[in-house]
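The structure appears right after this line, and notes come after that.
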Amino acid sequence: MPSLSYLVARLLQIIPTFLLVMIFIFLLVRLLPGDPAIAMAEAKATDAQLEQIRHNLGLDQPLPVQFLVFVKNTLTGDLGRSIMLKAPVTEIILSRLPTTIYLALYSVVLAILLAGPLAFVAASRVNSPVDVAIRSIFQVGLSMPVFYIGLLLLTVLAAQLRWFPVGGYGKTFLANLYHLILPALSVALYTSAIILRNLRASLIEVLDADYVQFARAKGLSPRIIMTRHVLRNALVSTVTLLGLSIGNLMSGTLVTETVFAIPGVGRLMLEAIFARDYPLIQGLTLTFAVLVSVVFLLTDVVQSWLDPRLRQS
Numbered sequence: 298m299p300s301l302s303y304l305v306a307r308l309l310q311i312i313p314t315f316l317l318v319m320i321f322i323f324l325l326v327r328l329l330p331g332d333p334a335i336a337m338a339e340a341k342a343t344d345a346q347l348e349q350i351r352h353n354l355g356l357d358q359p360l361p362v363q364f365l366v367f368v369k370n371t372l373t374g375d376l377g378r379s380i381m382l383k384a385p386v387t388e389i390i391l392s393r394l395p396t397t398i399y400l401a402l403y404s405v406v407l408a409i410l411l412a413g414p415l416a417f418v419a420a421s422r423v424n425s426p427v428d429v430a431i432r433s434i435f436q437v438g439l440s441m442p443v444f445y446i447g448l449l450l451l452t453v454l455a456a457q458l459r460w461f462p463v464g465g466y467g468k469t470f471l472a473n474l475y476h477l478i479l480p481a482l483s484v485a486l487y488t489s490a491i492i493l494r495n496l497r498a499s500l501i502e503v504l505d506a507d508y509v510q511f512a513r514a515k516g517l518s519p520r521i522i523m524t525r526h527v528l529r530n531a532l533v534s535t536v537t538l539l540g541l542s543i544g545n546l547m548s549g550t551l552v553t554e555t556v557f558a559i560p561g562v563g564r565l566m567l568e569a570i571f572a573r574d575y576p577l578i579q580g581l582t583l584t585f586a587v588l589v590s591v592v593f594l595l596t597d598v599v600q601s602w603l604d605p606r607l608r609q610s
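In this text, residue positions in the sequence shown follow my numbering: the first is 298, and each later residue adds one.
Set out below in structure tokens:
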């Protein structure tokens with residue numbers, strides 16, 4: 298496993314990333330068209346009332362002052378109060394975040410279960426009809442956007458055949474597995490196509506390597522060759538790709554949760570943008586940045602475990 302110094306070094310590298318993300322978020326939110334005071338005020342609010350709201354939100358302060366307040370509050374865990382939902386941003390995000398994480402993990406598990414076995418089958422029968430068929434099927438999944446796959450599954454499996462619910466979220470673990478199967482599958486079909494393509498190429502390359510040929514010549518069993526020499530080396534690049542896919546998946550929940558009416562942070566972000574809810578947009582963007590950074594950190598840890606040479610580099 299990676300050493301403690303390696304983990305500490307990777308954690309320290311995240312700090313400047315977060316600082317840049319905070320600057321970017323702060324400036325981007327201020328550049329959005331519209332006035333949050335108007336969105337927050339009553340329809341017949343006077344100019345004095347609007348000014349009072351801007352003062353309460355700190356929007357009448359210079360931008361550097363607003364940014365320092367934003368950084369200070371964020372470091373103390375105070376992400377402000379939502380203009381739209383009239384509640385602390387931290388509480389709102391924590392109440393919606395488990396749904397999004399559940400959907401992301403569900404999608405990743407499905408993608409691995411779909412792509413892993415088929416990649417081994419395709420790599421062991423290179424250019425055979427089976428290999429061509431597997432690649433062709435997943436190429437179709439790769440060429441279609443996630444939201445289009447989702448709409449297709451909704452139309453056929455939910456609206457016409459009524460095998461699955463159109464949207465929503467369950468109240469138990471098994472109910473969630475049932476309710477989220479279509480959104481998770483729509484994401485998994487796209488992600489599995491990427492994983493299969495990369496894992497198949499890595500397996501073919503490793504299976505033809507000299508050290509694998511030497512292991513065969515020594516008479517090692519196929520199981521030992523696969524577990525000790527092939528799988529570990531072939532997974533290095535695939536783990537990188539999987540980490541990037543999960544990072545994209547987290548940001549892509551905005552579309553998926555909107556299409557399937559799932560009450561997660563992705564759908565909440567869209568609602569916050571339409572409402573010009575500055576504190577909520579900032580809090581959600583920071584949350585996405587933290588999640589993506591954690592995924593990349595875990596990806597690096599797994600990579601360094603698979604290939605110790607990466608720790609030295």
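The beta carbon of each residue, even a glycine, is placed where N, CA and C say it ideally should be.
Only a predicted model underlies this, so the values are computations on that prediction, with no experimental measurement involved.
If you count every other CB in all the chains shown that lies within 10 Å of the CB of residue i, and 16 or more means buried, which is it?
i	result
L583	buried
R573	buried
S404	buried
F557	buried
P480	buried
Y466	buried
I553	One detail in the question is off: residue 553 reads as Thr in this sequence, not Ile. By the neighbour-count rule (16 or more Cβ atoms within 10 Å), T553 is buried.
G516	exposed
I350	buried
R606	exposed
L595	exposed
S499	buried
T524	exposed
S302	exposed
F470	exposed
F593	buried
V453	exposed
V503	buried
D614	This structure gives no information on residue 614, because the portion of the chain shown stretches from 298 to 610.
Which residues bound the alpha helix (DSSP H) around residue i?
i	result
S433	426-440
K369	360-372
P395	386-421
W602	575-603
A345	344-354
Y508	507-514
R525	Run containing R525: none; DSSP gives neither H nor E here.
L376	No alpha helix (DSSP H) holds L376; DSSP gives it neither H nor E.
I566	The sequence as given places Met at residue 566; Ile does not occur at that position. That run of the alpha helix (DSSP H) goes 562-571.
T488	478-504
A306	301-328
L611	Not covered by the structure: residue 611. The range shown for the chain is 298 to 610.
Excluding the 5 residues preceding and the 5 following residue i in the sequence, name in chain order all residues of the same chain whose CB lies nearer than 8 Å to its CB.
i	result
Y508	H526
L411	A485, L486, S489, L493
L394	G561, V562, T584
W460	L454
L308	L594
Output yes or no for whether 8 Å exceeds the beta carbon distance between residue i and residue j.
i	j	result
G377	P576	yes
F435	A490	yes
Q363	G374	no
I335	A408	no
A512	I522	yes
G413	L486	no
Q579	V326	yes
M240	T371	Lying outside 298 to 610, the shown extent of the chain, residue 240 is not represented and no answer is given.
V386	S379	yes
F367	F321	no
A416	R520	no
Does the distance between the C-beta of residue i and the nearest non-hydrogen atom of the ligand SAH fall short of 7 Å?
i	result
T524	As presented, the structure is devoid of all ligands, the ligand SAH included, so that no description of it is given.
Leaving out five residues before and five after residue i in sequence, what residues of the same chain have Cβ atoms less than 7 Å from its Cβ?
i	result
L581	I390, V562, L565, M566, A569
I501	A420, V423
S590	I311, T314
L538	I491, I492, N495
A456	V463
I431	L415, V418, A419
Can you tell which of the options has the C-alpha that lies nearest to the C-alpha of residue i?
i	options	result
P462	L595, K468, I478	I478
T397	L325, I543, D428	I543
P560	D505, V587, N473	N473
D604	L588, L415, R529, V406	R529
F585	Q358, S302, A401, P359	A401
L588	W602, F571, N545, S601	N545
A506	Y399, H476, A306, A531	A531
S534	V484, F571, W602	W602
S483	L504, L451, A430	L451
What residues in its chain sit with their C-beta under 6 Å from that of residue i, if we drop five residues either side in the sequence?
i	result
V599	V536
L551	G563, M566, L567
H476	P462, G465, Y466, G467
D332	none
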